[in-house]
Amino acid sequence: SQSESEGVESERVESDQSESERVESERVRASRVRASQNESERVRANQNESEFAKIRISVSKPIIPFRETVVRPPKVDMVNEDLGKQQKVAVIHQLKEEAPQGRSSSTLQVDPGGLVTLTTPNRQATVSIRAVPLPQEVTGLLERSSELIRTLELINMSLREGRTLDLSIRTLEDIAGLKVQLETLLQGRKWKNAVDRIWAFGPRRYGPNILLNSIKDYSRPSVWQCLAWRDRTDPGAASDFDNSVISGFQLAALAGPMCEEPLMGVCFSVDRWDILPTKEDSKSQQASADGSEDGTAGPERRTDPSDCYGPVSGQLIAAVKEACRQAFQAQPQRLMAAMYTCEIIATADVLGRVYGVLGKREGRVLHEEMKEGTDMFIIKAVLPVAESFGFADEIRKRTSGLASPQLVFSHWEVISSDPFWVPTTEEEYLHFGEKADSENQALKYMNAVRRRKGLYVEEKIVEHAEKQRTLGKNK
Numbered sequence: 001s002q003s004e005s006e007g008v009e010s011e012r013v014e015s016d017q018s019e020s021e022r023v024e025s026e027r028v029r030a031s032r033v034r035a036s037q038n039e040s041e042r043v044r045a046n047q048n049e050s051e052f053a054k055i056r057i058s059v060s061k062p063i064i065p066f067r068e069t070v071v072r073p074p075k076v077d078m079v080n081e082d083l084g085k086q087q088k089v090a091v092i093h094q095l096k097e098e099a100p101q102g103r104s105s106s107t108l109q110v111d112p113g114g115l116v117t118l119t120t121p122n123r124q125a126t127v128s129i130r131a132v133p134l135p136q137e138v139t140g141l142l143e144r145s146s147e148l149i150r151t152l153e154l155i156n157m158s159l160r161e162g163r164t165l166d167l168s169i170r171t172l173e174d175i176a177g178l179k180v181q182l183e184t185l186l187q188g189r190k191w192k193n194a195v196d197r198i199w200a201f202g203p204r205r206y207g208p209n210i211l212l213n214s215i216k217d218y219s220r221p222s223v224w225q226c227l228a229w230r231d232r233t234d235p236g237a238a239s240d241f242d243n244s245v246i247s248g249f250q251l252a253a254l255a256g257p258m259c260e261e262p263l264m265g266v267c268f269s270v271d272r273w274d275i276l277p278t279k280e281d282s283k284s285q286q287a288s289a290d291g292s293e294d295g296t297a298g299p300e301r302r303t304d305p306s307d308c309y310g311p312v313s314g315q316l317i318a319a320v321k322e323a324c325r326q327a328f329q330a331q332p333q334r335l336m337a338a339m340y341t342c343e344i345i346a347t348a349d350v351l352g353r354v355y356g357v358l359g360k361r362e363g364r365v366l367h368e369e370m371k372e373g374t375d376m377f378i379i380k381a382v383l384p385v386a387e388s389f390g391f392a393d394e395i396r397k398r399t400s401g402l403a404s405p406q407l408v409f410s411h412w413e414v415i416s417s418d419p420f421w422v423p424t425t426e427e428e429y430l431h432f433g434e435k436a437d438s439e440n441q442a443l444k445y446m447n448a449v450r451r452r453k454g455l456y457v458e459e460k461i462v463e464h465a466e467k468q469r470t471l472g473k474n475k
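Throughout the sequence shown, residue numbering follows UniProt numbering, covering 1 to 475 in sequence.
In structure tokens form, the structure reads like this:
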């Protein structure tokens, strides 16, 4: 047991090192995006002057990371009108209309509460899932504790394999502390016993998303089983496909439905899971019973040729993934952008120009203060990474070199605008126009990512095809 404990500790050290490297790489990725932009601009400026073997260089746009999340349903619309249930009903109708081709409408059901029920193609398994936004504090805690969650997953994997472990006191204290913090933050009637019902974390089994077990009469080993061995219970017959549900959740959390970006701050609650015994299971059980009565072994298990949809485990993975995506779309969807903390040192003469550049690039000023003994002001603001390209050059040009910015990656922030919003009421048409002329920041980012990934982008190339433009010469 001592060697196994040392092995787990070494695995934890290695995982901590790799995870710290991943977190550090994500923190500096935004800074490297800016460095690569400067390098690419330098290359493009010198490609006609330098040798480069007379080869013309084609530079693609930088890849900017985003996250997808859901929020609570808003109570008022863009012009402060009461929404009621009209938006939720419209989303449900849209989901039914946009159901994947080849899927029967009877296999996908969405109720007004956002609960999505999906049945596998062979109709042997049915799963019901709803998506709920996690509190912001819980999302931040899960993001900061990714190394510890990964260690917890390694421990659970060892326990599932039947290995006895002697865990260090420090590891158990850290895991217990994480559980206590989650119980403190997840308060309220809808989060009752939610920490003990956590099924898995995702994506990659240690991300800031949660899969909850809300199924009645279904008990499975808890993710906190290393803290209390006496709580281990018989998982039951349905646990044969337990990993299929987890795999479907991991796939859904890794690539969301908006623009195939990872999810963040989303809780998927599995409210129902019904699975019927397969034909080959019943045949094998009957054959084994007959063989035991005759004193001979039963025949080998054969694949049912009538089941053309593949194994049940694979169908369940696809069904859970699709149910999670549909449950995500049944809630108000939002895009999360990576944000820079921008510190600008400028004189009093150019403060207005600095604010103008920040406002043009969707920046937000946090506070400003005057440096003692000088006429310089220190401005602290936040700026989306997607709007930071060319920011330093523009602000220096607009201020004649009297302002110098410094950008450091800070956090992820939810973009308040709905990327799927269109004007519907008379007041919205009067305020925004028929085409919603005001630019939708989230829609712009989402379409840019979808174009880069080769996904479908809904846009009108020709709006009035029956009109013809006639150019005549002035005589």
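The beta-carbon is built from N, C-alpha and C at its ideal position, and this holds for glycine as well.
Problem - Nearest-angstrom Cα separation, counted from Arg452 out to Pro257 - result: If you number the sequence shown from 1, residue 257 lands on position 257. If you number the sequence shown from 1, residue 452 lands on position 452. Rounded to whole angstroms, Pro257 to Arg452 spans 15 Å at the Cα level.
Exercise for the section: From the DSSP output, in three-state form, read off Met446 for me. Expected result: By one-based count along the sequence shown, residue 446 stands at place 446. Helix at Met446.
Exercise for the section: Using three-state DSSP, classify Ser219 as helix, strand or coil. Expected result: Numbered from its first residue, the sequence shown carries residue 219 at position 219. In this structure, DSSP gives Ser219 a state outside helix and strand, which the three-state scheme calls coil.
Exercise for the section: Would you tell me roughly how many angstroms separate the C-alpha atoms of Gly401 and Arg353, rounded to the nearest one? Expected result: Numbered from its first residue, the sequence shown carries residue 401 at position 401. Numbered from its first residue, the sequence shown carries residue 353 at position 353. Gly401 and Arg353 have their C-alpha atoms spaced approximately 12 Å apart.
Handout entry: C-alpha distance - Glu322 paired with Ala252, whole-angstrom precision
Key = The sequence position of residue 322 within the sequence shown is 322, counting from 1. The sequence position of residue 252 within the sequence shown is 252, counting from 1. Spanning the two alpha carbons is a distance of roughly 8 Å.
Exercise for the section: Compare the Cα-Cα distances from Gly207 to each of Leu172, Val138, Ile155 and report the closest residue. Expected result: The count along the sequence shown starts at 1 and reaches residue 207 at position 207. For the residues Leu172, Val138, Ile155, the minimum Cα distance to Gly207 belongs to Val138.
Handout entry: Length of the line joining the Cα atoms of Lys460 and Glu173
Key = Within the sequence shown, numbered from 1, the residue matching residue 460 stands at position 460. Within the sequence shown, numbered from 1, the residue matching residue 173 stands at position 173. Looking at the two C-alpha atoms, the distance is approximately 57 Å.
Practice task
Measure the C-alpha to C-alpha separation of Ser128 and Pro65 and round it to an integer number of angstroms.
Solution key: On the sequence shown, residue 128 is found 128 positions in, with the first residue counted as 1. On the sequence shown, residue 65 is found 65 positions in, with the first residue counted as 1. If you take the alpha carbons of Ser128 and Pro65, they lie about 31 Å apart.
Handout entry: Any non-hydrogen atom of the ligand NAP closer than 7 Å to Gly207 Cβ
Key = This structure does not include the ligand NAP; it has no bound ligands of any sort.
Problem - Counted within 10 angstroms of its Cβ, other Cβ atoms place Pro405 as buried (16 or more) or exposed - result: For the purposes of this step, residue 405 is taken as the residue at position 405 of the sequence shown. Under this definition Pro405 is a buried residue.
Problem - Residue range of the alpha helix (DSSP H) that includes Tyr355 - result: Residue numbering aside, residue 355 sits at position 355 when the sequence shown is read from its first letter. Where Tyr355 is concerned, the enclosing alpha helix (DSSP H) stretches over 351-360.
Problem - Cβ-based neighbour list, Val132, same chain, cut-off 7 Å, excluding 5 preceding and 5 following - result: Position 132 of the sequence shown, counted from the start, is the residue given in the question as residue 132. These residues qualify, in order along the chain: Cys267, Ser269.
Exercise for the section: Taking all protein chains shown into account, decide if Glu261 is buried (16 or more other Cβ within 10 angstroms of its Cβ) or exposed. Expected result: Residue mapping note: residue 261 aligns to position 261 of the sequence shown, counting from 1. It counts as buried.
Handout entry: Rounded separation between Pro73 and Gly113 - CA only
Key = Reading the sequence shown from its first residue, position 73 is the one you call residue 73. Reading the sequence shown from its first residue, position 113 is the one you call residue 113. Looking at the two C-alpha atoms, the distance is approximately 11 Å.
Problem - Cβ shell of Leu142 (< 6 Å), same chain only, five flanking positions each side left out - result: The sequence position of residue 142 within the sequence shown is 142, counting from 1. Excluding sequence positions up to five before and after Leu142, its CB lies within less than 6 Å of the CB of Pro208, all in the same chain and listed in chain order.
Problem - Contact under 8 Å by Cβ, Gln250 with Gly177 - result: Start at 1 with the first residue of the sequence shown, and residue 250 comes out as number 250. Start at 1 with the first residue of the sequence shown, and residue 177 comes out as number 177. Their beta carbons are not under 8 Å apart, which means Gln250 does not touch Gly177 by this criterion.
Exercise for the section: Count the other C-beta atoms from every protein chain shown that fall within 10 angstroms of the C-beta of Thr374, then say buried if there are 16 or more, exposed otherwise. Expected result: Counting from 1 along the sequence shown, the entry for residue 374 is found at position 374. It is exposed - the Cβ of Thr374 has fewer than 16 other Cβ atoms within 10 Å.
Practice task
Note down, one range per segment and in chain order, each alpha helix (DSSP H) of at least 4 residues found wholly within the region 311-350.
Solution key: 312-329
Practice task
Measure from the alpha carbon of Arg123 to the alpha carbon of each residue in Ala348, Asp349, Leu335, Ala319, then state which is nearest.
Solution key: Walking along the sequence shown from the start, residue 123 turns up at place 123. Minimum Cα distance to Arg123 is reached at Ala319.
Handout entry: Helix, strand or coil at Met264 [DSSP, three-state]
Key = Here residue 264 corresponds to residue number 264 of the sequence shown, with the count starting at 1. Coil.
Exercise for the section: Classify Gly202 as helix, strand or coil using the three-state DSSP reduction. Expected result: Residue numbering aside, residue 202 sits at position 202 when the sequence shown is read from its first letter. In this structure, Gly202 counts as strand in the three-state DSSP scheme.
Problem - Contact set for Trp421: own chain, Cβ-Cβ below 6 Å, skip 5 residues either direction - result: Position 421 of the sequence shown holds residue 421. The answer is none, since no qualifying residue turns up.
Problem - Residue interval of the beta strand (DSSP E) (run including Val110) - result: Along the sequence shown, one-based indexing puts residue 110 at 110. Start and end: 108-110.
Handout entry: Cα-Cα separation between Lys397 and Ser388, rounded to whole angstroms
Key = Stepping through the sequence shown from its first residue, residue 397 is reached at position 397. Stepping through the sequence shown from its first residue, residue 388 is reached at position 388. Taken atom to atom, the span from the alpha-carbon of Lys397 to that of Ser388 is near 15 Å.
Problem - Within 8 Å, strictly: CB atoms of Thr69 and Arg334 - result: Walking along the sequence shown from the start, residue 69 turns up at place 69. Walking along the sequence shown from the start, residue 334 turns up at place 334. Yes, these two residues count as a Cβ contact at 8 Å.
Practice task
Between the Cα of Glu153 and those of Glu362, Ile198, Pro423, spot the shortest distance and give me the residue it belongs to.
Solution key: As a first step, residue 153 is located in the sequence shown; it is residue number 153 there, counting from the start. Selected option, being the one with the closest Cα: Ile198.
Problem - Top-ranked residue by Cα proximity to Val385, from Val408, Glu394, Asp393, Ala403 - result: Numbered from its first residue, the sequence shown carries residue 385 at position 385. Among Val408, Glu394, Asp393, Ala403, the Cα nearest to that of Val385 is on Val408.
Problem - Chain-order list of residues whose beta-carbon lies under 8 Å from that of Gln181 (same chain, five-residue window excluded) - result: As a working note, residue 181 is residue 181 in the sequence shown. So the qualifying residues of the chain are Leu141.
Practice task
Enumerate in chain order the residues of its own chain whose CB-to-CB distance from Leu276 is below 7 Å, with the five nearest sequence positions on each side excluded.
Solution key: Along the sequence shown, read from residue 1 onward, the residue named residue 276 stands at position 276. For Leu276, where only same-chain residues beyond five positions count, the Cβ hits under 7 Å are Gln124.
Problem - Neighbourhood of Arg450 by C-beta distance below 6 Å, restricted to the same chain and skipping five residues each side - result: Working through the sequence shown from its first residue, we reach residue 450 at position 450. Here the set comprises Cys259, Val457.
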